[in-house]
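Protein sequence lines correspond, in order, to chains A and B. 47 is the number that the numbering used here gives to position 47 of the first sequence; each next residue is one higher, with no gaps. 1166 is the number that the numbering used here gives to position 166 of the second sequence; each next residue is one higher, with no gaps. Note sheet for the following structure.
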Amino acid sequence: MKQGLHPVVMIGLVIGAALFGRALPTWTLSLATVAASNALIALGIVVLARTGNVSFGQGLFFAAGGYGVALIANVWGITDAVAQVMIGAVCSGMLGLVIGPLIARYTGIFFGMLTLALSMVMYGALVKSAALGGSDGFNVGRPSLFGMAFTDTREADFMLYAVSVVTTGLAGIAATILFRSELGLVSLAVRENNLRVEYLGLSANRIVTINFVIAAVFAGASGALALMAQRHIDPQFAYWTTSGEFVFVAVLAGYQSVAAVFVASIALELVRSFSNLYLPNTWQLVLGVFLLGVILFLPRGIGSLWIRDRHKKNKLPAQIPVTVDTGVVP
Amino acid sequence: MNFALTIIVDGLIEASWLFIVALGLTLVFGVLKILNIAHGSFYALGAYVAATVVTMAASKGLPPALSFVAMLLAAAFVASAVGLMLERGLLKMFYGRDEVVLLLVTYAVFLLLEDLTKLIWGVNPIYATQPYDLFGNVSFGKMYYVGYDLVLIPIAILSGVAVWFGLNRTITGKIVSAVIHNEEMSASMGVKVKRVYAFAFAFGVLLAAFAGALTAPKISVQPGLSSDVIILSFAIVVIGGLGSVEGAAVGAILVGLARATSVHLLPQAELFMIYFIMTAVLMFRPEGLFKRETARRI
Chain A
1 MKQGLHPVVM
11 IGLVIGAALF
21 GRALPTWTLS
31 LATVAASNAL
41 IALGIVVLAR
51 TGNVSFGQGL
61 FFAAGGYGVA
71 LIANVWGITD
81 AVAQVMIGAV
91 CSGMLGLVIG
101 PLIARYTGIF
111 FGMLTLALSM
121 VMYGALVKSA
131 ALGGSDGFNV
141 GRPSLFGMAF
151 TDTREADFML
161 YAVSVVTTGL
171 AGIAATILFR
181 SELGLVSLAV
191 RENNLRVEYL
201 GLSANRIVTI
211 NFVIAAVFAG
221 ASGALALMAQ
231 RHIDPQFAYW
241 TTSGEFVFVA
251 VLAGYQSVAA
261 VFVASIALEL
271 VRSFSNLYLP
281 NTWQLVLGVF
291 LLGVILFLPR
301 GIGSLWIRDR
311 HKKNKLPAQI
321 PVTVDTGVVP
Chain B
1001 MNFALTIIVD
1011 GLIEASWLFI
1021 VALGLTLVFG
1031 VLKILNIAHG
1041 SFYALGAYVA
1051 ATVVTMAASK
1061 GLPPALSFVA
1071 MLLAAAFVAS
1081 AVGLMLERGL
1091 LKMFYGRDEV
1101 VLLLVTYAVF
1111 LLLEDLTKLI
1121 WGVNPIYATQ
1131 PYDLFGNVSF
1141 GKMYYVGYDL
1151 VLIPIAILSG
1161 VAVWFGLNRT
1171 ITGKIVSAVI
1181 HNEEMSASMG
1191 VKVKRVYAFA
1201 FAFGVLLAAF
1211 AGALTAPKIS
1221 VQPGLSSDVI
1231 ILSFAIVVIG
1241 GLGSVEGAAV
1251 GAILVGLARA
1261 TSVHLLPQAE
1271 LFMIYFIMTA
1281 VLMFRPEGLF
1291 KRETARRI
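Below is the structure:
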């Protein structure tokens, strides 16, 4: 994100993007809806990754948000789209508040493994809970907006698109503000060296926890959006391959730019739907090659295409001198 | 009493093949510091190759004992060839990158192999049950076990002892341990680290494929096998401590018993139990049960 871009301008961009949906053909509209909702959860992973911790279990919060919304919708009949997004965010946010403090002291691969394990605990519980439909899940009614019910599918699709884009856009603006704030900058310091941050009198655990909860809130809202788009929920929401896909988007984007997350998410959805269309049996193959290509040729993600030297100070310590390959120690 | 025995025997059978898979995973992590998500795919590859070989051998009228040996050899050979090619052709381009990036590279390989196996063998389940009757039935009091299942236990113990012996009592093993502890230092002592990497990876793949081939007659070989197996072997190596052979053994027994217990007593809780144990271990001993904590650099 450019340093100078004012939040008001960004809000304008978001509204523009939402209205642009009017001009899009139907298939692009649903693709963009999914892309926006995936971008939201990947944005949470990027927020968390700025502290140096990558969560391989965002599916946990994705599912928590989705199931929370679905249950409340079916029991109390809350179908309003905006309310559902908020319910999803609150459900996962509360779960994040419980798990965050417990998990914040782990780093690196252990953090990833623990989040993965937690999401699989959730998956294991959901698959076998008959009350929640087991591995088949259950259906949810069509969402409404501010008391309006949408019977025309085209209108309903547009409403969903608008809600997704506005939610994700607002989250993106919030993330940009966060990245520039004291908390955002000190998060980068935690990634570089958490002990030194502690010596400065700050609590590294608390910083990780706050970022973790933010990521959980984003994931919950994203789960609500995904639920509205599919009108069906099943334990697959919490499975590790689902989480893996979100990390995929985050890595594709790189950790430098909010805009890159949106671009990466759209790119992934385009690759997926085109390979679905032309190579229906080998879309995972295409996805794998795509991922390898990006990691190989754009090691800092898609964002590095337009963000270059200015962020050099913030980059990941990826260039550890490789000496083992040649057997020469400098 | 009988019931407890059933659970223990079932658990050990389950633990035996899981241990062989986890052994490969933990070795690859120990040497290359890569948590290999594609490990489950190599297990599946082994199972597919074995099923194909068994079917071919049966159609030629070979005796099942011969086809049993043939399937093990073929699976191990094919998979380690694929593993070696992958390490030399692909993985080496990513060495030195962040461990999370390496994890994603193996995730990409997992996606690739998943579709490749579907392209080669199709999506319908394949059965290779001929060798399953090879060792007859064994009875314990009132209970009957398939001999083949029980044979898995000594095979697992043998593989574990062989790997432990190889690592701790041979020159090659010492060299591998040196690379595990400090690759730069061993490189400067003249160890060809590149070669150690390639062979360690191929050996890890061989173990996964071997386990796949061993279990092929027990199961229906079909897509989705790899993601189920990798998630179980992840739990095992994390419980035992990444990179530890003893840890993998204890982890496999724990997971095997947990699975058998929940299957018999509370079938709803199977996956839940395993991941519950994994979470508990991670919470209290994040390095796993069998690994000393290492000092960190400030």
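Glycine included, C-beta positions come from ideal geometry on N, C-alpha and C.
> Between Ile-207/A and Ser-187/A, which are expected to be in contact by the criterion C-beta below 8 Å, what is the C-beta distance as a whole number of angstroms?
Replying inline: Contact flag correct, Cβ pair sits at about 6 Å.
>> For a test of the three-state rule: what should DSSP assign to Asn-74/A, helix, strand or coil?
In response: Of the three classes helix, strand and coil, the one that applies to Asn-74/A here is helix, per DSSP.
>> Here's the rule: buried if 16 or more other CB atoms are within 10 angstroms of the residue's CB, otherwise exposed. What is Glu-1014/B?
In response: The residue is buried, with at least 16 neighbouring Cβ atoms inside 10 Å.
>> At the 7 Å Cβ level, is Thr-115/A part of the contact set with chain B, yes or no?
In response: Proximity of Thr-115/A to chain B, defined by a Cβ-Cβ separation below 7 Å, is not satisfied.
> Out of Ala-216/A, Gln-84/A, Leu-95/A, which has the shortest C-alpha to C-alpha gap to Val-46/A?
Replying inline: The option with the nearest alpha carbon to Val-46/A is Ala-216/A.
> Comparing the C-beta of Ala-1108/B with each C-beta of chain A, is any distance below 7 Å?
Replying inline: Closer than 7 Å to some Cβ of chain A, the Cβ of Ala-1108/B qualifies, so yes.
> If the cut is a Cβ gap below 8 Å, which residues of chain E does Asp-1115/B touch?
Replying inline: Annotation note: the requested chain E is absent from the structure, which comprises protein chains A and B.
>> Just to make sure I have the definition right: I need the residues of chain A whose C-beta is within less than 8 Å of the C-beta of Thr-1279/B. Which are they?
In response: Simply Leu-114, Ala-117, Leu-118, Val-121.
> How is the alpha helix (DSSP H) around Met-1085/B delimited, first residue to last?
Replying inline: Element bounds for Met-1085/B: 1064-1089.
>> Between which residues of its own chain and Leu-1152/B is the CB-CB distance below 7 Å, once the five residues before and five after are set aside?
In response: Counting only Cβ-Cβ distances below 7 Å, and skipping sequence neighbours, we find Ile-1013, Ser-1016, Trp-1017, Leu-1214.
> Looking at the unbroken beta strand (DSSP E) that takes in Tyr-1144/B, where does it start and where does it end?
Replying inline: Run containing Tyr-1144/B: 1143-1146, per the beta strand (DSSP E) assignment.
> Does Asp-309/A get closer than 7 Å to chain B when you measure Cβ to Cβ?
Replying inline: Note that Asp-309/A scores a pLDDT of 49, beneath 50, so its modelled location is shaky; the value from the coordinates is reported in the next line. No, its Cβ sits nowhere closer than 7 Å to a Cβ of chain B.
>> Below 9 Å on C-beta distance, what does Val-247/A contact in chain B?
In response: For the C-beta of Val-247/A, the chain B residues within less than 9 Å are, from N- to C-terminus, Val-1100, Leu-1103, Leu-1104, Tyr-1107.
>> By the three-class DSSP mapping on this structure, what secondary structure does Ala-17/A have?
In response: In this structure, DSSP gives Ala-17/A a helical state, which the three-state scheme calls helix.
> With respect to the alpha helix (DSSP H) encompassing Ser-1244/B, which residues constitute its N-terminal and C-terminal limits?
Replying inline: DSSP places Ser-1244/B in no alpha helix (DSSP H); its state is neither H nor E.
>> Whether or not the segment 289-306 of chain A and the segment 255-264 of chain A are in contact is what I'm after, with contact meaning three or more pairs of Cβ atoms, one per stretch, closer than 8 Å; do they touch?
In response: Counting Cβ pairs under 8 Å, three or more are found: they touch.
> Below 8 Å, can you find three or more Cβ-Cβ pairs linking the segment 55-75 of chain A to the segment 102-122 of chain A?
Replying inline: Segments in contact, yes.
> Based on Cα-Cα distance, which residue from Tyr-1127/B, Thr-1172/B, Ser-1244/B lies nearest to Ala-1216/B?
Replying inline: Nearest Cα to Ala-1216/B within the set Tyr-1127/B, Thr-1172/B, Ser-1244/B: Tyr-1127/B.
>> Please give the ranges of any alpha helix (DSSP H) in the segment 1193-1246 of chain B, keeping only runs that are unbroken, at least 4 residues long and fully inside the region.
In response: Counting whole runs of 4 or more residues, the segment 1193-1246 of chain B contains the alpha helix (DSSP H) stretches 1193-1215, 1225-1240.
> Going straight from the alpha carbon of Gln-319/A to that of Tyr-1095/B, what length do you get?
Replying inline: Its pLDDT being 45, under 50, Gln-319/A is placed unreliably by the model, and nothing is read from it.
> In chain order, what residues of the segment 1017-1036 of chain B put their CB closer than 8 Å to some CB of chain A?
Replying inline: Residues passing the 8 Å Cβ filter: Leu-1035.
> Which value, in whole angstroms, describes the spacing of the CA atoms of Gly-1251/B and Leu-1271/B?
Replying inline: Rounded to whole angstroms, the gap between the alpha carbons of Gly-1251/B and Leu-1271/B is 15 Å.
> List, in order along the chain, the chain A residues whose C-beta lies closer than 8 Å to that of Phe-1272/B?
Replying inline: The contact set of Phe-1272/B on chain A, defined by CB atoms closer than 8 Å, consists of Val-121, Gly-124, Ala-125, Lys-128 in chain order.
>> Let me make sure I understand the geometry here. Which of Ala-32/A, Val-140/A, Gly-93/A, Glu-198/A has the alpha-carbon closest to that of Gln-230/A?
In response: Among Ala-32/A, Val-140/A, Gly-93/A, Glu-198/A, the Cα nearest to that of Gln-230/A belongs to Val-140/A.
>> What does DSSP give as the partner residue(s) for Ile-1126/B in the beta ladder?
In response: The partner list for Ile-1126/B (beta bridge, DSSP) reads Val-1221/B.
> If we cut at 7 Å on Cβ distances, does Leu-1167/B have a partner in chain A?
Replying inline: For Leu-1167/B, the answer is no, since every Cβ of chain A falls outside 7 Å of its Cβ.
> What's the C-alpha gap between Val-1196/B and His-1181/B?
Replying inline: Rounded to the nearest whole angstrom, the CA to CA distance from Val-1196/B to His-1181/B is 13 Å.
> Within 7 Å (strictly less), CB to CB, does Gly-66/A reach chain B?
Replying inline: Using a CB distance cut-off of 7 Å, Gly-66/A does not count as an interface residue toward chain B.
>> Strictly under 7 Å for the Cβ-Cβ distance: is Tyr-1275/B near chain A by that measure?
In response: So, interface residue.
>> Strictly under 7 Å for the Cβ-Cβ distance: is Leu-1225/B near chain A by that measure?
In response: Chain A, which has no Cβ nearer than 7 Å to the Cβ of Leu-1225/B, makes this no.
>> Assuming Gln-230/A is part of the alpha helix (DSSP H), what are its boundary residues?
In response: Here the alpha helix (DSSP H) through Gln-230/A covers 204-230.
>> Against chain A, with Cβ distances strictly below 7 Å, would Leu-1266/B count as a contact?
In response: By this cut-off, Leu-1266/B is not an interface position.
> Going by beta carbon distance, what residues of the same chain come within less than 6 Å of Gly-1173/B, once the five residues before and after it are set aside?
Replying inline: Closer than 6 Å at the Cβ level, and outside the excluded window around Gly-1173/B, lie Gly-1166, Leu-1167.
> Taking Cβ to Cβ, would you say Gly-1024/B is nearer than 7 Å to Gly-1204/B?
Replying inline: With contacts defined as CB atoms closer than 7 Å, Gly-1024/B and Gly-1204/B qualify as a contacting pair.
> Using DSSP with H/G/I as helix, E/B as strand and the rest coil, what is Ala-1057/B?
Replying inline: Per DSSP, reduced to three states, the secondary structure at Ala-1057/B is helical.
>> Between the segment 1224-1237 of chain B and the segment 1034-1047 of chain B, can you find at least three pairs of beta-carbon atoms closer than 8 Å?
In response: With the rule of 3 Cβ pairs closer than 8 Å, the segment 1034-1047 of chain B counts as touching the segment 1224-1237 of chain B.
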